[in-house]
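A.B. asks:
2 protein chains.
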Amino acid sequence: MSIEKIEKTENQLLDEAQLSLNLIEAQYFLKNTRDQKNAKSLVILVNGIELAGKGESVKQLREWVDPRYLRVKADAPNIFKQNQTFWQPYAPFIPAEGQIMVMFGNWYSDLLITALHVSKPLDETLFDAYVEDMRSFEQDLKNNHVDVVKVWFDLSWKSLQKRLDNMKPSEVHWHKLHGLDWRNKKQYDNVQKLRQRFTDDWTVIDCEDEKLRDQQFAQHILRALEHCPEHLSQNKTKWKQATVPEPLLAPANKAVNQENYKAEFKKLSLKVAEALRFDDRKAIIVFEGMDAAGKGGAIKRIVKNLDPREYDIHTIAAPEKYELRHPYLWRFWTKLQTDEDITIFDRSWYGRVLVERVEGFANEVEWQRAYEEINRFENDLVNSQTVVIKFWLAISKDEQEVRFKAREETPHKRFKITADDWRNREKWDGYLDAAADMFEQTSTVHAPWHIIATNDKYMARLEVLRTILKQLSAD
Amino acid sequence: MSIEKIEKTENQLLDEAQLSLNLIEAQYFLKNTRDQKNAKSLVILVNGIELAGKGESVKQLREWVDPRYLRVKADAPNIFKQNQTFWQPYAPFIPAEGQIMVMFGNWYSDLLITALHVSKPLDETLFDAYVEDMRSFEQDLKNNHVDVVKVWFDLSWKSLQKRLDNMKPSEVHWHKLHGLDWRNKKQYDNVQKLRQRFTDDWTVIDCEDEKLRDQQFAQHILRALEHCPEHLSQNKTKWKQATVPEPLLAPANKAVNQENYKAEFKKLSLKVAEALRFDDRKAIIVFEGMDAAGKGGAIKRIVKNLDPREYDIHTIAAPEKYELRHPYLWRFWTKLQTDEDITIFDRSWYGRVLVERVEGFANEVEWQRAYEEINRFENDLVNSQTVVIKFWLAISKDEQEVRFKAREETPHKRFKITADDWRNREKWDGYLDAAADMFEQTSTVHAPWHIIATNDKYMARLEVLRTILKQLSAD
Numbered sequence: 001m002s003i004e005k006i007e008k009t010e011n012q013l014l015d016e017a018q019l020s021l022n023l024i025e026a027q028y029f030l031k032n033t034r035d036q037k038n039a040k041s042l043v044i045l046v047n048g049i050e051l052a053g054k055g056e057s058v059k060q061l062r063e064w065v066d067p068r069y070l071r072v073k074a075d076a077p078n079i080f081k082q083n084q085t086f087w088q089p090y091a092p093f094i095p096a097e098g099q100i101m102v103m104f105g106n107w108y109s110d111l112l113i114t115a116l117h118v119s120k121p122l123d124e125t126l127f128d129a130y131v132e133d134m135r136s137f138e139q140d141l142k143n144n145h146v147d148v149v150k151v152w153f154d155l156s157w158k159s160l161q162k163r164l165d166n167m168k169p170s171e172v173h174w175h176k177l178h179g180l181d182w183r184n185k186k187q188y189d190n191v192q193k194l195r196q197r198f199t200d201d202w203t204v205i206d207c208e209d210e211k212l213r214d215q216q217f218a219q220h221i222l223r224a225l226e227h228c229p230e231h232l233s234q235n236k237t238k239w240k241q242a243t244v245p246e247p248l249l250a251p252a253n254k255a256v257n258q259e260n261y262k263a264e265f266k267k268l269s270l271k272v273a274e275a276l277r278f279d280d281r282k283a284i285i286v287f288e289g290m291d292a293a294g295k296g297g298a299i300k301r302i303v304k305n306l307d308p309r310e311y312d313i314h315t316i317a318a319p320e321k322y323e324l325r326h327p328y329l330w331r332f333w334t335k336l337q338t339d340e341d342i343t344i345f346d347r348s349w350y351g352r353v354l355v356e357r358v359e360g361f362a363n364e365v366e367w368q369r370a371y372e373e374i375n376r377f378e379n380d381l382v383n384s385q386t387v388v389i390k391f392w393l394a395i396s397k398d399e400q401e402v403r404f405k406a407r408e409e410t411p412h413k414r415f416k417i418t419a420d421d422w423r424n425r426e427k428w429d430g431y432l433d434a435a436a437d438m439f440e441q442t443s444t445v446h447a448p449w450h451i452i453a454t455n456d457k458y459m460a461r462l463e464v465l466r467t468i469l470k471q472l473s474a475d
Numbered sequence: 001m002s003i004e005k006i007e008k009t010e011n012q013l014l015d016e017a018q019l020s021l022n023l024i025e026a027q028y029f030l031k032n033t034r035d036q037k038n039a040k041s042l043v044i045l046v047n048g049i050e051l052a053g054k055g056e057s058v059k060q061l062r063e064w065v066d067p068r069y070l071r072v073k074a075d076a077p078n079i080f081k082q083n084q085t086f087w088q089p090y091a092p093f094i095p096a097e098g099q100i101m102v103m104f105g106n107w108y109s110d111l112l113i114t115a116l117h118v119s120k121p122l123d124e125t126l127f128d129a130y131v132e133d134m135r136s137f138e139q140d141l142k143n144n145h146v147d148v149v150k151v152w153f154d155l156s157w158k159s160l161q162k163r164l165d166n167m168k169p170s171e172v173h174w175h176k177l178h179g180l181d182w183r184n185k186k187q188y189d190n191v192q193k194l195r196q197r198f199t200d201d202w203t204v205i206d207c208e209d210e211k212l213r214d215q216q217f218a219q220h221i222l223r224a225l226e227h228c229p230e231h232l233s234q235n236k237t238k239w240k241q242a243t244v245p246e247p248l249l250a251p252a253n254k255a256v257n258q259e260n261y262k263a264e265f266k267k268l269s270l271k272v273a274e275a276l277r278f279d280d281r282k283a284i285i286v287f288e289g290m291d292a293a294g295k296g297g298a299i300k301r302i303v304k305n306l307d308p309r310e311y312d313i314h315t316i317a318a319p320e321k322y323e324l325r326h327p328y329l330w331r332f333w334t335k336l337q338t339d340e341d342i343t344i345f346d347r348s349w350y351g352r353v354l355v356e357r358v359e360g361f362a363n364e365v366e367w368q369r370a371y372e373e374i375n376r377f378e379n380d381l382v383n384s385q386t387v388v389i390k391f392w393l394a395i396s397k398d399e400q401e402v403r404f405k406a407r408e409e410t411p412h413k414r415f416k417i418t419a420d421d422w423r424n425r426e427k428w429d430g431y432l433d434a435a436a437d438m439f440e441q442t443s444t445v446h447a448p449w450h451i452i453a454t455n456d457k458y459m460a461r462l463e464v465l466r467t468i469l470k471q472l473s474a475d
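In order, the protein sequence lines correspond to chains A and B. Counting in UniProt numbering, the first sequence tops out at residue 475, every number present. Counting in UniProt numbering, the second sequence tops out at residue 475, every number present.
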């Protein structure tokens with residue numbers, strides 16, 4: 001969002017009935033964009049100086065609009081946790097298309113409280129890095145049709161002191177002062193100094209005059225509600241297709257003999273269980289690859305020596321309709337809410353640039369944008385004490401056919417094969433192209449791809465285990 | 001479920017490969033029931049004596065099945081919270097059709113820890129009341145196609161002591177002893193005595209022999225997976241329709257003059273805000289009634305003097321597809337997860353016996369069963385320090401027509417009217433019948449219905465406020 005200034009007209013009070021009418025119309029307009037070409041949702045981040053009146057302004061707004069279609073989420077600010085990204089606590093509340101959510105507690109309030117409260121305060125570089133990361137996250141939200149409006153409710157030191165003097169005891173209930181001492185001029189100045197490091201793309205409202213404050217806020221929200229451009233579907237520049245790497249075109253056929261396999265597997269699988277269990281970081285292990293490449297079998301071998309309570313496996317299928325009303329990554333953000341230490345994904349967010357690209361479920365703009373979104377997503381995880389280990393299981397087209405036929409003929413495997421699998425096989429080359437681009441764009445230093453040849457599935461299982469050990473000890 | 005005993009055959013060890021094959025087939029069979037006539041999901045509650053080996057048996061099961069389609073949820077037991085029903089912490093993890101969920105931590109582990117740990121232990125009557133309530137909840141789950149399997153892993157005092165003696169330090173990590181002293185014979189006896197108050201409809205596995213234990217458990221799960229009867233849709237006995245009460249057939253037209261309204265409203269709305277705010281209990285306020293009866297207006301007046309952070313409003317529309325794969329009440333169980341003190345429902349779970357009955361979305365068996373399910377649901381809430389206040393806003397058919405036309409002609413109201421509203425109007429008498437049955441079946445002592453005449457909407461708003469005050473002070 002470009003820097004927004006309160007325009008002159010907003011310094012005049014509008015007729016309240018008219019403002020309310022406009023807001024309700026805009027609210028229903030937004031609500032009705034759901035499942036339409038210009039669908040969007042709106043997140044309103046509300047921060048500011050204590051007693052400036054952000055609560056009152058939201059209350060007034062909720063009186064002017066239809067309160068049923070304006071949700072409010074209020075959290076006390078929390079100091080950042082080392083093993084949690086800044087967006088994790090809030091992801092479940094990112095509104096779906098057609099919805100509006102006001103967030104009193106949000107990543108900026110957490111940032112401020114972290115910067116002000118920890119014994120070792122954030123240095124400016126780290127603070128600014130957080131701000132930059134937050135802005136990227138918000139840009140990703142906007143690209144995925146979640147508009148983000150940020151409003152800072154400002155108040156001068158003098159007025160704040162006056163309001164503290166006049167505070168009624170009954171109001172104290174709502175003005176939790178969040179552990180900050182607002183009688184301390186140095187702390188006030190510090191808040192102002194810190195917030196100026198991020199509020200240049202915010203709407204800053206001077207809250208001296210209460211009526212004006214409420215109207216400025218409401219008018220700003222009104223403009224945000226009314227702004228619903230159609231979604232882009234084509235990029236101007238032509239996509240440059242990466243070359244399909246050799247290990248995908250012709251996966252190695254190196255085999256291991258059964259005896260060696262058994263001994264080696266036993267040793268490795270114990271090591272992997274220990275390594276995963278005793279690593280201080282969380283681990284996310286991602287499997288992608290053609291059907292029948294052996295994802296299920298590899299997963300089974302990873303968890304062999306783990307307790308069932310130690311890990312979680314997510315098998316990713318097509319998104320549900322309600323998930324489609326959220327940014328693409330939302331269903332993965334919300335799957336990472338728990339404190340689970342080991343999470344395995346049988347297919348993953350890479351569906352965006354694989355099946356969705358090949359089948360046309362994601363348009364050109366969407367899948368081409370997804371690489372960066374995914375890199376940022378994984379980077380945030382890695383920065384939050386998480387190891388992200390990504391596998392592509394590479395099978396040859398011939399070997400796939402052999403396995404498909406075997407599945408059809410084996411009782412306990414015939415459930416694994418469907419007509420879809422044969423159909424996907426026809427798009428083999430499309431998937432190889434998509435995989436090639438994926439490696440090129442998302443094999444990062446912090447979360448590299450590992451291509452594992454799986455024509456010999458025993459060899460592949462050993463390789464997967466070895467790779468996990470290697471990445472865990474390398475980082 | 002009737003009392004199940006381990007059958008003789010289960011004392012013989014089956015061929016493991018065959019057992020695994022059967023399990024995987026049954027697992028895929030269950031998975032493929034999704035969206036079918038015999039759809040179901042399976043919850044496996046796993047409790048028992050420490051070191052009996054429930055973790056090991058689940059681990060072995062997860063090796064025999066496809067681990068991707070057997071989720072495991074493990075929570076340390078929690079002492080019951082006063083303002084939370086026993087099912088609230090677990091509701092989000094009740095599996096959807098086609099899914100299997102093993103719950104290590106569950107309502108029974110919470111019950112045991114509560115009974116054993118609080119300074120004032122649960123007396124037997126209360127303990128038994130909890131057990132009865134839990135069984136009713138499980139019966140509701142089963143009726144709604146969530147099969148519940150309960151397995152108690154038992155171990156004699158002697159064997160337990162021997163296993164504690166032999167415990168390797170590396171195992172301690174996984175055998176959190178949950179604050180109980182398993183070296184204390186009195187405590188062991190106490191656990192046995194308590195669990196015998198609820199395990200007569202459980203499968204109790206003697207865990208002396210580990211191989212037998214794992215097989216008995218797996219074979220029991222196999223039988224549960226294979227059992228998928230078609231869902232009932234018709235009851236044998238004919239439903240006895242209640243008489244439509246007079247206040248619905250001819251709502252009062254008593255009006256209030258504008259001046260009196262304003263003064264009275266101001267007074268009442270402040271009182272309601274204070275009463276809701278300072279009540280120690282949570283409040284749930286439910287609005288039902290014909291379209292245009294004034295639900296939105298009434299809600300707006302209730303929240304008038306509340307801070308937007310104090311309350312939450314849920315507007316209930318048709319369920320999403322993923323919600324339909326859960327028991328009907330599930331989407332309401334999960335909406336009550338937060339610590340929100342005041343929750344308002346604009347339409348509610350009563351849709352089951354109103355729109356779903358009238359439109360035929362719920363079959364006869366489903367809507368006729370729903371009254372009891374709802375009563376139990378509300379009763380659980382009331383017993384968890386929650387006030388449930390239920391309003392039916394009664395409008396006459398003529399007045400509805402006047403309001404529909406006004407909505408069509410008023411800019412900021414025209415969004416509120418759709419073709420659906422006119423269609424619903426044609427089913428007016430069906431809705432009255434449904435409402436009549438609803439009052440008769442669900443107007444309980446702990447959660448009574450309040451019928452409010454709304455032909456004069458100002459009068460209605462005052463009445464709603466007065467009724468809230470009355471119910472809050474009455475309880």
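Ideal placement from N, C-alpha and C gives every residue a C-beta, glycine not left out. Because the structure is a prediction, the values reported are computed rather than measured.
Does the segment 105-118 of chain A come close enough to the segment 82-90 of chain A that 3 or more CB-CB pairs lie under 8 Å?
C.D. replies: Output reads yes: the segment 105-118 of chain A touches the segment 82-90 of chain A.
A.B. asks: Can you list the residues of chain A that residue 300 of chain B reaches, using a CB-CB cut of under 7 Å?
C.D. replies: Against the second sequence, residue 300 of chain B aligns to sequence position 300. Within chain A, the residues near residue 300 of chain B are 67.
A.B. asks: Give, in chain order, every residue of the segment 400-418 of chain A whose Cβ lies closer than 7 Å to some Cβ of chain B.
C.D. replies: Flagged, chain order: 411, 412, 415.
A.B. asks: Please classify residue 22 of chain B as buried or exposed, where buried requires at least 16 other C-beta atoms within 10 Å of its C-beta.
C.D. replies: The residue you call residue 22 of chain B lines up with position 22 of the second sequence. Residue 22 of chain B comes out buried.
A.B. asks: Are the Cβ atoms of residue 251 of chain B and residue 394 of chain B separated by less than 9 Å?
C.D. replies: Here residue 251 of chain B is taken as the residue at index 251 of the second sequence, counted from 1. Here residue 394 of chain B is taken as the residue at index 394 of the second sequence, counted from 1. Contact: yes.
A.B. asks: Quick one: what's residue 282 of chain B bridged to in DSSP?
C.D. replies: Numbered from 1 along the second sequence, position 282 holds the residue referred to as residue 282 of chain B. In the DSSP output, where bridge partners are listed per residue, residue 282 of chain B has B:386.
A.B. asks: In the DSSP assignment, find the unbroken beta strand (DSSP E) run with residue 107 of chain A in it and report its ends.
C.D. replies: Locating residue 107 of chain A in the first sequence gives position 107, counting from the first residue. Segment 107-117 is the alpha helix (DSSP H) holding residue 107 of chain A; no beta strand (DSSP E) there.
A.B. asks: Residue 21 of chain A touches chain B at which residues, Cβ-Cβ below 9 Å?
C.D. replies: By 1-based counting over the first sequence, the position of residue 21 of chain A is 21. Chain B residues near residue 21 of chain A: 411, 412.
A.B. asks: For residue 443 of chain B, which three-state DSSP category applies?
C.D. replies: In the second sequence, the residue the question calls residue 443 of chain B occupies position 443. Note: residue 443 of chain B maps to coil in three-state DSSP.
A.B. asks: Do residue 461 of chain A and residue 297 of chain A count as a contact pair if the criterion is CB distance below 9 Å?
C.D. replies: Numbered from its first residue, the first sequence carries residue 297 of chain A at position 297. Numbered from its first residue, the first sequence carries residue 461 of chain A at position 461. Yes; because the gap between Cβ atoms is below 9 Å, this pair is in contact.
A.B. asks: Can you grab the Cα-Cα spacing for the pair residue 20 of chain B / residue 215 of chain B, in whole Å?
C.D. replies: To locate residue 20 of chain B, count along the second sequence from 1; it is residue 20. To locate residue 215 of chain B, count along the second sequence from 1; it is residue 215. If you take the alpha carbons of residue 20 of chain B and residue 215 of chain B, they lie about 10 Å apart.
A.B. asks: Which residues, in chain order, does the segment 104-119 of chain B contribute to contact with chain A at a C-beta distance below 7 Å?
C.D. replies: Taking 7 Å as the Cβ-Cβ cut-off against chain A, the residues of the segment 104-119 of chain B that qualify are 104.
A.B. asks: For residue 100 of chain A, which residues from the same chain have a beta carbon less than 6 Å from its beta carbon, with the 5 sequence-adjacent residues on both sides left out?
C.D. replies: The count along the first sequence starts at 1 and reaches residue 100 of chain A at position 100. Counting only Cβ-Cβ distances below 6 Å, and skipping sequence neighbours, we find 42, 70.
A.B. asks: Give, in chain order, every residue of the segment 314-341 of chain A whose Cβ lies closer than 9 Å to some Cβ of chain B.
C.D. replies: The segment 314-341 of chain A vs chain B, Cβ under 9 Å: 314, 315, 320, 321, 322, 323.
A.B. asks: Apart from the five residues just before and just after residue 340 of chain A, which ones in its own chain have a Cβ nearer than 8 Å to its Cβ?
C.D. replies: Residue 340 of chain A sits at position 340 when you count from the first residue of the first sequence. For residue 340 of chain A, where only same-chain residues beyond five positions count, the Cβ hits under 8 Å are 282, 311, 312.
A.B. asks: Going by other Cβ atoms of all chains shown within 10 Å of its Cβ, with 16 needed for buried, is residue 104 of chain B buried or exposed?
C.D. replies: The residue you call residue 104 of chain B lines up with position 104 of the second sequence. Residue 104 of chain B comes out buried.
A.B. asks: With 9 Å set as the bound, which would you pick, yes or no: does the beta-carbon of residue 90 of chain A sit closer than that to a beta-carbon of chain B?
C.D. replies: As a first step, residue 90 of chain A is located in the first sequence; it is residue number 90 there, counting from the start. No, its Cβ sits nowhere closer than 9 Å to a Cβ of chain B.
A.B. asks: By Cβ distance, which residues of its chain are closer than 7 Å to residue 222 of chain B, with the 5 residues on each side in sequence left out?
C.D. replies: To locate residue 222 of chain B, count along the second sequence from 1; it is residue 222. Answer for residue 222 of chain B: 22, 23, 26, listed in chain order.
A.B. asks: So, do the segment 258-273 of chain A and the segment 55-72 of chain A have three or more beta carbon pairs nearer to each other than 8 Å?
C.D. replies: These segments do not touch.
A.B. asks: If you follow the beta strand (DSSP E) that residue 451 of chain A is part of, which residue opens it and which one closes it?
C.D. replies: For the purposes of this step, residue 451 of chain A is identified with residue 451 of the first sequence, where counting begins at 1. Start and end: 449-453.
A.B. asks: How is residue 13 of chain A classed by DSSP in three states: helix, strand or coil?
C.D. replies: Taking the first sequence and counting its residues from 1, one reaches residue 13 of chain A at position 13. DSSP places residue 13 of chain A in coil when its eight states are reduced to three.
A.B. asks: Can you tell which of B:318, B:457, B:199, B:127 has the C-alpha that lies nearest to the C-alpha of residue 356 of chain B?
C.D. replies: Translated into positions along the second sequence, residue 356 of chain B becomes position 356. Of B:318, B:457, B:199, B:127, the residue nearest in Cα terms is B:318.
A.B. asks: Would you identify the three-state DSSP class for residue 334 of chain A, choosing helix, strand or coil?
C.D. replies: Along the first sequence, one-based indexing puts residue 334 of chain A at 334. DSSP places residue 334 of chain A in helix when its eight states are reduced to three.
A.B. asks: What does the alpha-carbon distance come out to for the pair residue 95 of chain B and residue 46 of chain B?
C.D. replies: Position 95 of the second sequence, counted from the first residue, corresponds to residue 95 of chain B. Position 46 of the second sequence, counted from the first residue, corresponds to residue 46 of chain B. Each residue's alpha carbon lies about 15 Å from the other.
A.B. asks: Secondary structure at residue 473 of chain B, three-state DSSP: helix, strand or coil?
C.D. replies: Position 473 of the second sequence holds residue 473 of chain B. Reduced to three states, the DSSP call for residue 473 of chain B is helix.
A.B. asks: Threshold first: 4 residues or longer. Then list the alpha helix (DSSP H) segments lying entirely within the segment 137-196 of chain A, N to C.
C.D. replies: For the segment 137-196 of chain A, whole alpha helix (DSSP H) runs of length 4 or above, ordered along the chain, are 157-166, 169-172, 185-195.
A.B. asks: With 16 other CB atoms within 10 Å as the buried threshold, where does residue 456 of chain A fall?
C.D. replies: In the first sequence, residue 456 of chain A corresponds to position 456, counting from 1. By the neighbour-count rule (16 or more Cβ atoms within 10 Å), residue 456 of chain A is buried.
A.B. asks: Count the other C-beta atoms from every protein chain shown that fall within 10 angstroms of the C-beta of residue 423 of chain B, then say buried if there are 16 or more, exposed otherwise.
C.D. replies: Here residue 423 of chain B corresponds to residue number 423 of the second sequence, with the count starting at 1. Looking at its Cβ environment, which holds fewer than 16 other Cβ atoms inside 10 Å, residue 423 of chain B is exposed.
A.B. asks: With 9 Å as the limit, tell me which residues of the segment 24-47 of chain B have their beta carbon closer than that to any beta carbon of chain D; keep them in chain order.
C.D. replies: Chain labels in this structure do not include chain D; the protein chains are A and B.
A.B. asks: Rounded to a whole number of angstroms, what is the C-alpha to C-alpha distance between residue 335 of chain B and residue 380 of chain B?
C.D. replies: Taking the second sequence and counting its residues from 1, one reaches residue 335 of chain B at position 335. Taking the second sequence and counting its residues from 1, one reaches residue 380 of chain B at position 380. Spanning the two alpha carbons is a distance of roughly 15 Å.
A.B. asks: Which two residues bound the contiguous beta strand (DSSP E) that contains residue 41 of chain A?
C.D. replies: Counted from its first residue, the first sequence places residue 41 of chain A at position 41. Here the beta strand (DSSP E) through residue 41 of chain A covers 41-48.
A.B. asks: Expressed to the nearest angstrom, what Euclidean distance is found between the alpha-carbon atoms of residue 194 of chain B and residue 140 of chain B?
C.D. replies: Counting from 1 along the second sequence, the entry for residue 194 of chain B is found at position 194. Counting from 1 along the second sequence, the entry for residue 140 of chain B is found at position 140. Near 24 Å, if we compare the C-alpha coordinates of residue 140 of chain B and residue 194 of chain B.
A.B. asks: Would residue 268 of chain B and residue 342 of chain B be called neighbours here (beta carbons separated by less than 9 Å)?
C.D. replies: To locate residue 268 of chain B, count along the second sequence from 1; it is residue 268. To locate residue 342 of chain B, count along the second sequence from 1; it is residue 342. Going by C-beta atoms, residue 268 of chain B is not nearer than 9 Å to residue 342 of chain B.
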